[in-house]
Amino acid sequence: MEIGSHQLLGDVSTELGGENAGPDPHDLFDASLGTCKAMTLLLYARQRGLPLEGIDVSVERDDSEERQGNYHLIVELSLKGPLDDAQRQQLLRVADKCPIHKLMTTTDIQVETRLAGVTA
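Using this note's numbering, the letters of the sequence shown map in sequence onto residues 6 to 125.
Right, here's the structure in full:
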């Protein structure tokens, strides 16, 4: 898939019939949340002069009830830099305001799938 000037590769595991040549669609979905939180925090910290030097993000998924409509993501943020406790808590609150978090938790998403080059 192309997004702007970037190429993304997706696949599924060999057990599911793929070649395991890239992250599966669930991984890409989950990664969008982790990436958004990290970018949001880095920009926020830079604008406010907070000493955030980097972020490691881990996204854990519980999809055991996905077919029942429940998809649970746990995002763990490891904040790097000489931040005090108040700054860490402030950044934790800001992380939940990233656009993808809001999109995933507050928006009714409608999906329309079309064939390219076919007119109705």
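The beta carbon of each residue, even a glycine, is placed where N, CA and C say it ideally should be.
Other residues of its chain near residue i: CB distance less than 8 angstroms, five sequence neighbours each side excluded
i: V99; result: T45, L46, Y49
i: L13; result: M6, E7, G27, L33
i: H106; result: L38, C41, K42, A100
i: G122; result: none
7 angstroms Cβ cutoff met for residue i and residue j
i: G27; j: G39; result: no
i: D101; j: S83; result: no
i: V17; j: G9; result: no
Own chain partners of residue i with C-beta closer than 6 angstroms, once the 5 adjacent residues on each side are dropped
i: Q92; result: L55
i: T124; result: none
i: G59; result: K85
Contact with chain D by residue i, beta-carbon distance below 7 angstroms
i: L46; result: The structure shown contains no chain D; it holds only a single protein chain.
Straight-line gap, residue i to residue j (C-alpha atoms, nearest Å)
i: E7; j: P30; result: 15 angstroms
i: P104; j: Q52; result: 17 angstroms
i: M109; j: L78; result: 11 angstroms
i: Q73; j: Q94; result: 33 angstroms
i: E117; j: T111; result: 19 angstroms
i: Q115; j: P87; result: 43 angstroms
Beta-carbon separation (whole angstroms), residue i vs residue j, contact threshold 8 angstroms
i: R130; j: D113; result: For the chain, the structure presents residues 6 to 125; residue 130 sits outside this window and is missing.
i: Y76; j: D68; result: 6 angstroms
i: L96; j: L120; result: Their Cβ separation, rounded to whole angstroms, is 44 angstroms, which puts L96 and L120 out of contact at 8 angstroms.
Nonlocal neighbours in the same chain, by C-beta distance under 7 angstroms from residue i, ignoring five residues either side
i: V80; result: L38, G39, K42, V62, V64
i: T19; result: N25
Runs of beta strand (DSSP E) lying entirely within the stretch 38-95, each at least 3 residues, in chain order = DSSP runs (the beta strand (DSSP E)) wholly in the stretch 38-95: 59-67, 77-85.
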